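Residue numbers (the working numbering), protein chains in the order written: chain G, 66 to 366; chain X, 3 to 256; chain C, 15 to 275.
All C-beta atoms in this analysis are idealised placements derived from N, C-alpha and C, irrespective of residue type, glycine included.
Just so we're clear, the structure is a prediction, and the values are computed from it rather than from any experiment.
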Amino acid sequence: MRGKVRKLSPPSERQATGGRMQVPLRPEIDTGTGATSGERARAMIEIASVSKRFETSGRKSHLALSDINLTVNDGAFVSILGPSGCGKSTLLYIVGGFVAPSEGVARMKGAAITGPGPDRGPVFQEFALFPWKTVLGNVMYGLRQQGVKRTEAEAQSLRLIEMVGLKGFEHFYPKELSGGMKQRVAIARTLAYRPSVLLMDEPFGALDAHTRTRLQNDLLNIWERDRKTVLFVTHSVEEAVFLSDKVVVMTRAPGRIKQIVDIDLPRPRIRAELLLDSHYQKYVVDIERMIDDGRDDAEHS
Amino acid sequence: MSTRRLTTVLMGALPILFVLAIWQALCSFGYAPPSLLPPPGKVFLRLAQQLGNVGFLDDILATLIRLFAGFLIAVVLGVGIGLAAAVVPAINAVVRPLVQVLAPLPKVALYPALIILFGFDHASKITLVTLDALFPILLSTYYGASMVEQKLVWSALAAGTPRWQILFKVIAPAALPSILTGCRIGLVISCIVVFLAEMISSTDGLGHLLVGAARTFQTVDMFVPLITISLLGLMLNGLLYGLRKYLLRGFPEV
Amino acid sequence: MTSARNIVSKLSPLLACLGLLALWQVAALWLDTESFPTAWHALQTVPQVLGDPEQLLNILDSIRRMVIGFSLAVLIAIPLGLAMGRSARVSAFFNPLLMMIYPVPKAALMPVIMLWLGVGDASKTLVIFLGVSLPVIYHSFQGAKAVEEKMLWSGAAMGLSGLQRMIRIVLPAALPEILTGCRTGLVLALITMVTSEMIARQSGAGNILFNAMDMAQYDTVFAMIIIIGALGIVLDAAFDKLRWRLVKWAEPHQEILLGAS
């Protein structure tokens, strides 16, 4: 029962139950054979016939998601790709427990998701850093919230800050950092409390092209180390193919899954090689075509 | 950069000096009889003298006590109710129409009622100050707290913050810039209101000094409390500005 | 469903008024002193006060001074505020002076101004003018400062002169903010009006209030409070409606009413 998604109890209570509590949710690194052979791997997230309807003004309502079924295996890097307004972020928020589905159920390790929890760490396009805390304060926040002692939390956070390449900026405030640096802090803040799943909501969408590629590379490097499960929302086809094991292509209004594409490219992926790789190029072109078809359908109907 | 700053300061000092110069000129060229407009030198000299006078300092103290008591009560109530209304829909439903009605109400008109209820002493004046300073603080707290970025709350929830702590850990600090803006407005209003209340009915305080001097046509003594309350207002404003700068060091400039 | 909710939200201020009056009623019954009449009693006295021609004239006089002071202040403060918002030099010139004047209680200048201009209309109108000007200048200044530079560039590219840009671009763009300032100013005008009359004690609504108190006519005191309070609430609501009409296009944004002067 320990791994179940549950309402959080205050830190004091958690400490009482298990000494200094660390969330025991690190994914087992048994997917070394490559995450694409994930048939036998354990399901981390299951989304079963999920729909989401938003009540808009008055009688009208808007169907954002319609009958979504998706399983994400432990250690997989899965991208959700689609045009803006296809509900892909909403799907991510449902997994995060921030938004409740109108129908269906989302499960995490077999337990229904009822609210946010530190086993699923979000990274938002808007960074959402606490402006009143320094870089170190932001990264430490989750650890302190888990009841980790200050000195220990500080040491762990400093290591993480170094890992995301921000050594020397520990005592800066978010306003003093560039967009790319802010997103590095946000990633470190989320990694700090060791979620089993990273939920990334167009994390690089607000960054310039150069910074974006650098962060993509760094994210892959971090991911190669511990192979956390990642659910990654984006509208960039190249980004999705470059990063993922699986790309979930969605259609617009109502958001449905059009197709799930397995990306069978070797890892570790090196950008300079991959861009010249004909398989990579074919994936990109095929998926782009797929999205265009969807658009035509929408226009005809 | 620094020379530009210097010119800005000089430009700003200019009209103040200009006003002082006109004031002095009006007096020294005999356009204004000293009984109507005493020369500035005389006023400031008198102020300096008065600052050594225990009676005068007592009056300042009386004014300050009322000012701070009223203002602090307003801060506690305003921030508390504002946050509660932003977070709890049921409280919002009650507070919102009440504020809509009470905010534009001219609170000074209530002063006679407050005197009848609480007497002529501190209590009625403190209540008036609280009533006047409350609404700007309450409103800006409410708006600040209801505009907190949703994803900030989500990030904290995901990091394991219990829901009941979100108010203190995320919403209150995120609304701080707005809360402090409200406090600043509330403080200026407190200065103004305490002075007026003392003018209308009091036996001590700066406002009372002004009225007393006006009754006996002591023009120099009329200007002294006026200038004192303005300087007090400026000083308190400066203090709050410093506090704001320190507390909001992480926030982007507004 | 939506319309029902609409009606409730429209009626809620009225409900709040009734609730406050009920609270007053209960408190008065509970305290049971002669000096604190019940809400019902005070409300009954309102027509008596307004029915007395002398007192009605006094109140109308007050309102006239308020309207004149308010209008003059708006006419002068808006252009000044806009100029300050668009020119760093103008703002550097006026800002510190205004900062100095800001915490001075405008109604407190009443004794001094009375010394110069006598106890008549002129002093009271001037005090109201001073009280209203500052928030209007401040908000016009903020509004003009926030106008997007590129909008002015487009205007210049279309061949608008400096003054034209001010009137055709800056003024409408800053209008929501200006009207917020005017709304604050309106409440301030009423407050300053009452206060100046309380201090000068010669005529007007504030004078009636304190005369009644001196003569222990507590019903009249509380009736006057109701009248002045209602005037404030009605003026504010009416102005808000007007503002809503004028700047329908603007995004709703926060408003902080400045309370007193």
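Judging by CA-CA distance, which residue of the options is the nearest neighbour of residue i?
| i | options | result |
| --- | --- | --- |
| Leu38 of chain X | X:Phe253, X:Asp223 and X:Pro254 | X:Asp223 |
| Leu166 of chain C | C:Asn221, C:Ile241, C:Ala187 and C:Pro27 | C:Ala187 |
| Leu249 of chain C | C:Met212, C:Ala203 and C:Trp263 | C:Ala203 |
| Met149 of chain X | X:Ile75, X:Ser204, X:Phe137 and X:Gly84 | X:Gly84 |
| Ile194 of chain X | C:Pro119, C:Val63 and C:Gln62 | C:Pro119 |
| Ala230 of chain C | C:Thr47, C:Leu37, C:Thr206 and C:Ala158 | C:Thr47 |
| Val78 of chain X | X:Pro138, X:Leu49 and X:Phe31 | X:Pro138 |
| Glu227 of chain G | G:Ile252, G:Lys125, G:Thr216 and G:Val295 | G:Ile252 |
| Asp60 of chain X | X:Ile168, X:Leu236, X:Gly244 and X:Leu211 | X:Leu211 |
| Val3 of chain C | C:Ala97, C:Ile213 and C:Leu29 | There is simply no residue 3 of chain C to check, as chain C begins at 15 and stops at 275 in what is shown. |
| Arg107 of chain G | G:Arg118, G:Ala129, G:Lys125 and G:Gly140 | G:Gly140 |
| Thr199 of chain G | G:Phe269, G:Asn282, G:Phe234 and G:Asp291 | G:Phe234 |
| Ala251 of chain C | C:Ala237, C:Thr139, C:Met124 and C:Val201 | C:Val201 |
| Asn300 of chain G | G:Arg215, G:Gly147, G:Ile110 and G:Lys323 | In the sequence as presented, Asn is not what sits at residue 300 of chain G; that position holds His. Nearest option by C-alpha distance: G:Gly147. |
| Tyr232 of chain C | C:Leu28, C:Asn20, C:Ile21 and C:Phe50 | C:Phe50 |
| Lys127 of chain X | X:Leu238, X:Gly209, X:Lys44 and X:Val11 | X:Gly209 |
| Val196 of chain X | X:Gly207, X:Leu159 and X:Arg186 | X:Gly207 |
| Glu289 of chain G | G:Glu303, G:Arg249, G:Pro333 and G:Asp266 | G:Pro333 |
| Leu131 of chain C | X:Leu74, X:Gln26, X:Leu169 and X:Ala34 | X:Ala34 |
| His344 of chain G | G:Glu303, G:Val229, G:Gly320 and G:Lys214 | G:Glu303 |
Please report how far the alpha carbon of residue i lies from the alpha carbon of residue j, in whole angstroms.
| i | j | result |
| --- | --- | --- |
| Ala147 of chain X | Ile173 of chain X | 6 Å |
| Gly246 of chain C | Thr221 of chain X | 34 Å |
| Asp357 of chain G | Pro331 of chain G | 27 Å |
| Ile133 of chain G | Met315 of chain G | 10 Å |
| Cys151 of chain G | Thr143 of chain X | 36 Å |
| Ile192 of chain C | Ser154 of chain C | 5 Å |
| Gly218 of chain C | Ile242 of chain C | 11 Å |
| Gly244 of chain G | Ala271 of chain G | 8 Å |
| Arg254 of chain G | Asn203 of chain G | 6 Å |
| Thr278 of chain G | Met205 of chain G | 27 Å |
| Val367 of chain G | Val298 of chain G | Any property of residue 367 of chain G remains undetermined from this structure, which presents chain G solely from 66 to 366. |
| Thr230 of chain X | Arg103 of chain C | 29 Å |
| Thr194 of chain C | Val88 of chain C | 12 Å |
| Gly33 of chain C | Leu25 of chain C | 12 Å |
| Leu116 of chain X | Ser203 of chain X | 12 Å |
| Ile240 of chain C | Ile67 of chain X | 30 Å |
| Gly175 of chain G | Glu111 of chain G | 8 Å |
| Cys31 of chain C | Leu45 of chain C | 21 Å |
| Leu157 of chain G | Val137 of chain G | 12 Å |
| Ser144 of chain G | Val184 of chain C | 47 Å |
| Ala158 of chain C | Leu189 of chain X | 26 Å |
Residues in the same chain with beta-carbon distance under 7 Å from residue i, minus the five sequence neighbours each way, listed in chain order, please.
| i | result |
| --- | --- |
| Leu154 of chain X | Val172 and Ala176 |
Would you grab the beta carbon distance between residue i and residue j for me? Rounded to a whole angstrom, and I think it's under 8 Å.
| i | j | result |
| --- | --- | --- |
| Pro149 of chain C | Val261 of chain C | No, Pro149 of chain C and Val261 of chain C are not in contact; Cβ-Cβ is about 17 Å, not under 8 Å. |
| Gly252 of chain X | Trp197 of chain G | 5 Å |
| Ala71 of chain X | Leu130 of chain X | Ala71 of chain X to Leu130 of chain X, Cβ: 11 Å. No contact. |
| Val306 of chain G | Ile335 of chain G | Rounded, the Cβ-Cβ distance is 14 Å, inconsistent with contact. |
| Ala257 of chain G | Leu223 of chain G | About 11 Å; that fails the 8 Å criterion. |
| Met238 of chain C | Leu223 of chain C | 5 Å |
| Pro125 of chain C | Ala15 of chain X | The Cβ separation is near 28 Å, so there is no contact. |
Could you name the residues of the same chain whose beta carbon sits closer than 6 Å to that of residue i, not counting the 5 residues immediately before and after it, in chain order?
| i | result |
| --- | --- |
| Ile151 of chain C | Ala91, Leu94 and Gly95 |
| Arg185 of chain G | Gly161, Pro260, Val262 and Leu264 |
| Val146 of chain C | Phe84, Ala87, Gly199, Leu202 and Ala203 |
| Lys69 of chain G | Summary for Lys69 of chain G: the model assigns pLDDT 38, below 50, so the residue's position carries little reliability; its value from the coordinates is reported in the next sentence. Contacts found: Ala176. |
Is the Cβ of residue i closer than 8 Å to any Cβ of chain X?
| i | result |
| --- | --- |
| Tyr152 of chain C | no |
| Ala122 of chain C | yes |
| Gln248 of chain G | no |
| Glu227 of chain G | no |
| Ser101 of chain C | no |
| Leu111 of chain C | yes |
| Thr139 of chain C | no |
| Ile205 of chain C | yes |
Is any beta-carbon of chain G found at less than 8 Å from that of residue i?
| i | result |
| --- | --- |
| Thr143 of chain X | no |
| Gly108 of chain X | Note that residue 108 of chain X is Pro in the sequence shown here, rather than Gly. Not one chain G Cβ lies under 8 Å of Pro108 of chain X. |
| Phe253 of chain X | yes |
Would you please verify whether the beta carbon of residue i is less than 8 Å from any beta carbon of chain C?
| i | result |
| --- | --- |
| Phe58 of chain X | no |
| Val103 of chain X | yes |
Quick one: what's got a C-beta closer than 8 Å to residue i's C-beta in the same chain, skipping five residues either side?
| i | result |
| --- | --- |
| Asn282 of chain G | Arg336 |
| Ile127 of chain C | Ser137, Leu140 and Val141 |
| Asn221 of chain C | Asn72, Glu211, Met212, Ala214 and Arg215 |
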